[in-house]
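Chemist: The structure under discussion is supplied below as structure tokens; questions concerning it will follow.
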Amino acid sequence: MATKYLKINPDDNVAVAISALSKGESVVVDGENITIVEDIPVGHKFALVDIKEGQNVIKYGYPIGHSLVDAKQGQWMSDTNIKTNLAGLLDYTYEPKLVELPAAEKQLTFKGYLRKNGNVGVRNEIWVIPTVGCVNGIVNQIVDALKSETNGGEGVDAIVAFPHNYGCSQLGEDHENTKKVLRNMVHHPNAGGILIVGLGCENNQPDVFRDFCGEFDESRVKFMVAQKVEGDEVPTGLAIARELYEQAKKDVRVDVPLSKLKVGLKCGGSDGFSGITANPLLGVFSDFIVSQGGVSVLTEVPEMFGAETILMNRCENKERFDETVALINDFKNYFLSHGEPVGENPSPGNKAGGISTLEEKALGCTQKCGKSIVRAVLRYGDRIEKCGLNLLEAPGNDLVAATALAAAGCQIILFTTGRGTPFGTFVPTMKISTNSTLAKNKPTWIDFNAGVLVEDEPMAAVHQRFADYIISVASGEKVNNEKKGYREIAIFKTGVTL
């Protein structure tokens, strides 16, 4: 390890401990000898100069809050002595700072499943999806039976049930959100066959939902309404799923351009290294996939608070800027309407890992989308229509946001973490660790280690390995959540339950 600390931006008045620093230890920063006045944990910040009470704490070249104390040079700066500057709604001015990235010199390919409508899947799976939570037990039994008679789904990538709690007793926007997510799953190219199982009396009426889905490949998507089946409905559902399975088994991978790849960008269980290693790595990859003509999608709107102007000034035009302002302020209003502050986001795990304020988290979070121009702003439940960098409305909750990214059309989720998490949504959910200790301790969770970026491995080399790995995953290599069978969906809920 080349150094025990990192000063990220020349304007910063704090630095990050790359390894633990002890009280009384000396470090040299910008030619100045600094004595550490208290133990500094790994990933946490220490003051490079005396910082007065009320003075801004600067990291990444931006304020991450203000000091609550008169802090001394070498002092530990944490959530106990830094407070957010965020409060309420803001007015914004469009000041474009656009960087046109050159198109890739070499167009790459991966091996995917080309669907009838031209979309490409990175998996060929059988999905059984309920219209309402009342039939969750039925869909689970259908999937268990099909897996049992097919040796676990031999010939396809997976056979999966996706139970959820909704589809009835919902009103207004909540009901529409449920319908949109389930509709988007019907259209997702990672499924070679889908069985939709309804009850019959739910708010999300199967016939109405079928019309809501619009045009789809009726040879690949089938419906069953349990109340219309005489006797045990599981054998009827199994017979339909078996037909879908036999058809999907015939699908083969073919070479397709990397421009067909859509990746979702997500972080969770962040730590002090998130904005130094894994998130910047995703930023480089995001720009790379955009240069290939593909799509990257950034979400977690609350975790844009404090860094939103960076994204706003990267919008391609005033229309995109106005949409991004609405995206931010609508989510702030959502918080405020429930009597909640807009700046108290970091979780206990975030704070333990070295993140003190929402601004600090946001400045690290937004690095996942690189430098590309914002080409589209999607509301929750919208589907991707434009290539390039998209912003998507969704909360920070890991499974809700990851589900939203997949529902928008992303075939893979790239998920950075400094604390670790095993979960996965209905598409491959790749975990990228921010530090090598996590990668070593949780090899069945972590798929790629970005921690080597503070261990003298250059970004160009790490990114090359990362891009090669993502192409191999898009071509069929399974990530850990798939190997473990951790596959779930979660739908955003904001209103009442009847």
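To convert, take the position in the sequence shown, counting from 1, and add 13; that gives my numbering. All C-beta atoms, glycine included, are put in the ideal place defined by N, C-alpha and C.
(1) Excluding sequence positions up to five away, which residues of its chain have a Cβ less than 6 Å from the Cβ of K129?
(2) Spell out the partners DSSP gives D268 in its beta bridges.
(3) Can you tell me which of Y126, A291, V314 puts its alpha carbon nearest to the alpha carbon of L274?
(4) How many Å lie between A239 and R223 at the Cα?
(5) Taking all protein chains shown into account, do 16 or more other C-beta atoms lie within 10 angstroms of the C-beta of H57, making it buried, or fewer, making it exposed?
(6) What's the C-alpha gap between P23 and C226?
(7) Would you tell me roughly how many angstroms separate the C-alpha atoms of E321 and I341, rounded to the nearest one?
(8) For C423, does the count of other Cβ atoms within 10 angstroms reach 16, so buried, or fall short, so exposed?
(9) Verify whether the separation of the beta carbon atoms of G431 and G282 is less than 8 Å.
(10) With three or more C-beta pairs closer than 8 Å as the rule, is the segment 464-480 touching the segment 305-323?
(11) I'd like to know if the segment 353-363 and the segment 148-158 are in contact, where contact means that at least 3 CB-CB pairs between them fall below 8 Å.
(12) Between I502, F344, D300, which lies nearest to V112 when the distance is taken from Cα to Cα?
(13) Can you give, in chain order, each stretch of the beta strand (DSSP E) that sits fully within the segment 259-317 and has at least 3 residues?
(14) Apply the 10 Å Cβ neighbour rule to S446 and answer buried if 16 or more other Cβ atoms are within range, or exposed otherwise.
(15) Short check: CB of Y73 to CB of G288, under 8 Å?
(16) If you scan the segment 452-489 from start to end, which runs of the alpha helix (DSSP H) of 4 or more residues do you find wholly inside it?
(17) So for M14, helix, strand or coil by DSSP?
(18) Rounded to whole angstroms, what's the CA-CA distance from A33 to T457? Just pull it up for me.
(19) Using CA coordinates, which residue listed in F428, D343, G37, L349 is at the minimum distance from Y393?
(20) So, is A474 buried or exposed, given that buried needs 16 or more other C-beta atoms within 10 angstroms?
(21) Over what stretch of residues does the alpha helix (DSSP H) that includes L159 continue unbroken?
(22) Would you check if the distance between the CB atom of V82 and the CB atom of N69 is smaller than 8 Å?
(23) Is the CB-CB distance between A414 and K279 below 8 Å?
(24) From L412 to D104, what distance separates their C-alpha atoms?
(25) In whole angstroms, give me the CA-to-CA distance for N448 and N292.
(26) Classify M14: buried if its beta carbon has 16 or more other beta carbons within 10 angstroms, exposed otherwise.
(27) Find out if the Cβ-Cβ distance for the pair D264, N132 is shorter than 8 Å.
(28) Which residue spans inside the segment 178-260 form an unbroken beta strand (DSSP E) run of at least 3?
(29) Return helix, strand or coil for Y107, following the three-state DSSP convention.
(30) For I53, which three-state DSSP category applies?
(31) Mind reading off the beta-carbon distance from G401 to V303? Whole number of angstroms is fine, and I expect it under 8 Å.
(32) Using the C-alpha atoms, what's the distance from L212 back to G150?
(33) Are the beta-carbon atoms of N203 and I504 separated by less than 8 Å?
(34) Are the Cβ atoms of F59 and I71 separated by less than 8 Å?
(35) First and last residue of the alpha helix (DSSP H) that includes T48?
Modeler: Let's see:
(1) Taking the sequence shown and counting its residues from 1, one reaches residue 129 at position 116. For K129, where only same-chain residues beyond five positions count, the Cβ hits under 6 Å are D230.
(2) Residue 268 sits at position 255 when you count from the first residue of the sequence shown. K124.
(3) Position 261 of the sequence shown holds residue 274. Answer by Cα proximity: Y126.
(4) By 1-based counting over the sequence shown, the position of residue 239 is 226. By 1-based counting over the sequence shown, the position of residue 223 is 210. Rounded to the nearest angstrom, the two C-alpha atoms are 15 Å apart.
(5) Residue 57 sits at position 44 when you count from the first residue of the sequence shown. It is buried - the Cβ of H57 has at least 16 other Cβ atoms within 10 Å.
(6) Mapped onto the sequence shown, residue 23 falls at position 10. Mapped onto the sequence shown, residue 226 falls at position 213. Looking at the two C-alpha atoms, the distance is approximately 52 Å.
(7) Taking the first residue of the sequence shown as position 1, residue 321 is located at position 308. Taking the first residue of the sequence shown as position 1, residue 341 is located at position 328. Each residue's Cα considered, the two are about 8 Å apart.
(8) Counting from one through the sequence shown, the residue named residue 423 turns up at place 410. Label assigned to C423: buried.
(9) For the purposes of this step, residue 431 is identified with residue 418 of the sequence shown, where counting begins at 1. For the purposes of this step, residue 282 is identified with residue 269 of the sequence shown, where counting begins at 1. Yes; because the gap between Cβ atoms is below 8 Å, this pair is in contact.
(10) no
(11) no
(12) Indexing the sequence shown from 1 puts residue 112 at position 99. The shortest C-alpha separation from V112 is found at D300.
(13) 267-270, 275-280, 308-311
(14) Locating residue 446 in the sequence shown gives position 433, where the first residue counts as 1. Per the 10 Å Cβ criterion, buried.
(15) Translated into the one-based positions of the sequence shown, residue 73 becomes position 60. Translated into the one-based positions of the sequence shown, residue 288 becomes position 275. Yes. Within cutoff.
(16) 472-487
(17) Counting from 1 along the sequence shown, the entry for residue 14 is found at position 1. Residue placement at M14 is flagged as unreliable, the pLDDT there being 45, under the threshold of 50; the coordinate-derived value follows with that caveat. Coil, per DSSP.
(18) Within the sequence shown, the letter at position 20 stands for residue 33. Within the sequence shown, the letter at position 444 stands for residue 457. Approximately 26 Å, taken between the alpha carbons.
(19) Walking along the sequence shown from the start, residue 393 turns up at place 380. For Y393, the nearest C-alpha among the options comes from D343.
(20) Within the sequence shown, the letter at position 461 stands for residue 474. A474 is exposed by the Cβ-count criterion.
(21) The residue you call residue 159 lines up with position 146 of the sequence shown. Where L159 is concerned, the enclosing alpha helix (DSSP H) stretches over 149-162.
(22) Along the sequence shown, one-based indexing puts residue 82 at 69. Along the sequence shown, one-based indexing puts residue 69 at 56. Not closer than 8 Å, so no.
(23) Mapped onto the sequence shown, residue 414 falls at position 401. Mapped onto the sequence shown, residue 279 falls at position 266. Taking 8 Å as the Cβ cut-off, A414 and K279 qualify as a contacting pair.
(24) One-based indexing of the sequence shown puts residue 412 at position 399. One-based indexing of the sequence shown puts residue 104 at position 91. Each residue's alpha carbon lies about 31 Å from the other.
(25) Locating residue 448 in the sequence shown gives position 435, where the first residue counts as 1. Locating residue 292 in the sequence shown gives position 279, where the first residue counts as 1. Going by the C-alpha atoms only, they are around 12 Å apart.
(26) In the sequence shown, residue 14 corresponds to position 1, counting from 1. Here M14 scores only 45 on pLDDT, less than 50, and its place in the model should not be relied on; the value that follows carries that caveat. Result: exposed.
(27) Here residue 264 refers to the residue found at position 251 of the sequence shown. Here residue 132 refers to the residue found at position 119 of the sequence shown. Their beta carbons are not under 8 Å apart, which means D264 does not touch N132 by this criterion.
(28) 204-211, 234-238
(29) Taking the first residue of the sequence shown as position 1, residue 107 is located at position 94. Looking at Y107 - three-state DSSP - the assignment turns out to be coil, as it is neither helix nor strand.
(30) Here residue 53 is taken as the residue at index 40 of the sequence shown, counted from 1. In this structure, I53 counts as strand in the three-state DSSP scheme.
(31) Here residue 401 refers to the residue found at position 388 of the sequence shown. Here residue 303 refers to the residue found at position 290 of the sequence shown. Rounded, the Cβ-Cβ distance is 5 Å, consistent with contact.
(32) By one-based count along the sequence shown, residue 150 stands at place 137. By one-based count along the sequence shown, residue 212 stands at place 199. Taking the straight line from one Cα to the other gives about 11 Å.
(33) Position 190 of the sequence shown, counting from 1, holds the residue named residue 203. Position 491 of the sequence shown, counting from 1, holds the residue named residue 504. Not a contact, by the Cβ cut-off of 8 Å.
(34) As a position in the sequence shown, residue 59 is number 46, starting the count at 1. As a position in the sequence shown, residue 71 is number 58, starting the count at 1. No, Cβ-Cβ distance for F59 and I71 is not below 8 Å.
(35) Taking the first residue of the sequence shown as position 1, residue 48 is located at position 35. Premise fails: T48 lies in the beta strand (DSSP E), 45-48, not in any alpha helix (DSSP H).
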